[in-house]
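Residues 1 to 212 (this note's numbering) make up the sequence shown, in order. Structure, as structure tokens:
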Amino acid sequence: MVSPEEEHEQWIEAGRLLFAGPIAFERGVVGMEHLPDAELPEVAFAGRSNVGKSSLINALTGRLKLARASTEPGRTRELNFFRMGDRLRLVDLPGYGYAKAPKSEIGRWTALTRDYLRGRPSLKRVILLIDGRHGLKPDDKDVMDALDKAAVAYQLVLTKGDKVKPTEIAETQARTAAASAKRPAAHPAIIITSAETGLGIAELRAEIAALA
Numbered sequence: 001m002v003s004p005e006e007e008h009e010q011w012i013e014a015g016r017l018l019f020a021g022p023i024a025f026e027r028g029v030v031g032m033e034h035l036p037d038a039e040l041p042e043v044a045f046a047g048r049s050n051v052g053k054s055s056l057i058n059a060l061t062g063r064l065k066l067a068r069a070s071t072e073p074g075r076t077r078e079l080n081f082f083r084m085g086d087r088l089r090l091v092d093l094p095g096y097g098y099a100k101a102p103k104s105e106i107g108r109w110t111a112l113t114r115d116y117l118r119g120r121p122s123l124k125r126v127i128l129l130i131d132g133r134h135g136l137k138p139d140d141k142d143v144m145d146a147l148d149k150a151a152v153a154y155q156l157v158l159t160k161g162d163k164v165k166p167t168e169i170a171e172t173q174a175r176t177a178a179a180s181a182k183r184p185a186a187h188p189a190i191i192i193t194s195a196e197t198g199l200g201i202a203e204l205r206a207e208i209a210a211l212a
């Protein structure tokens, strides 16, 4: 019989093995007609502009420049697909809440993201990133409402966990868990991460590997 400790180690190792394998940028998509075939499961990353989405993807994959990070909020303006061999795709979605772009362009990629989330049969989970320094913001809750309504499974992940005191991030984690507890599409586990220190990276890899 496998002990809980051994089961946890196997779970972590599955994540390590997946992310040690091949991964490469596949394509950037500006319209639904350009989506790749839906033959692989997909895990999408969403969050407010400047939440640290690209940095977290780079930390997960161990490739420093796989997802282009920027100090300018709202830099990602298309759906960026990364293929992990024949196992899985990661999808980097445009950030929400702020962008230096014309309103017409913001409207276009917001609609594209909405259409993708509602109509992609291969989408297994959305990793919804929340800035650990601030916790849930109103537009985060709006996205959660939309995902609940569309019955799209999602998991909340706190970023920048190294930027605040351990007691403060633990309190933010508890508040976030309480806010998501009664939401039908939310995964119960709230992971604290840091792209800089590696905090929570192994656990998030394992969560993603379980979907591959």
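We put the beta carbon where it would ideally sit given N, CA and C, even for glycine. Predicted model, so just to flag it, every value in this text is computed and none were measured.
{"Asked": "Cross-strand partners of Gln155 (DSSP beta bridge)", "Found": "Ile127"}
{"Asked": "Length of the line joining the Cα atoms of Gly28 and Arg175", "Found": "35 Å"}
{"Asked": "Among Gly85, Val152 and Ala179, nearest to Tyr116 - alpha-carbon criterion", "Found": "Val152"}
{"Asked": "Span of the beta strand (DSSP E) around Asp139", "Found": "Run containing Asp139: none in the beta strand (DSSP E); it sits in the alpha helix (DSSP H), Pro138 to Ala150."}
{"Asked": "Status (buried if at least 16 other CB within 10 Å, exposed otherwise) for Pro121", "Found": "exposed"}
{"Asked": "Where Arg125 falls, given that 16 or more other Cβ within 10 Å makes a residue buried", "Found": "buried"}
{"Asked": "Beta carbon of Ile190 nearer than 7 Å to that of Leu136", "Found": "no"}
{"Asked": "Gly28, enclosing beta strand (DSSP E) - first and last residue", "Found": "Ala24 to Val29"}
{"Asked": "Terminal residues of the beta strand (DSSP E) in which Ala59 lies", "Found": "Counting along the chain, Ala59 falls outside any beta strand (DSSP E), though it belongs to the alpha helix (DSSP H) covering Lys53 to Thr61."}
{"Asked": "Continuous beta strand (DSSP E) stretch holding Gly47: start and end", "Found": "Glu42 to Gly47"}
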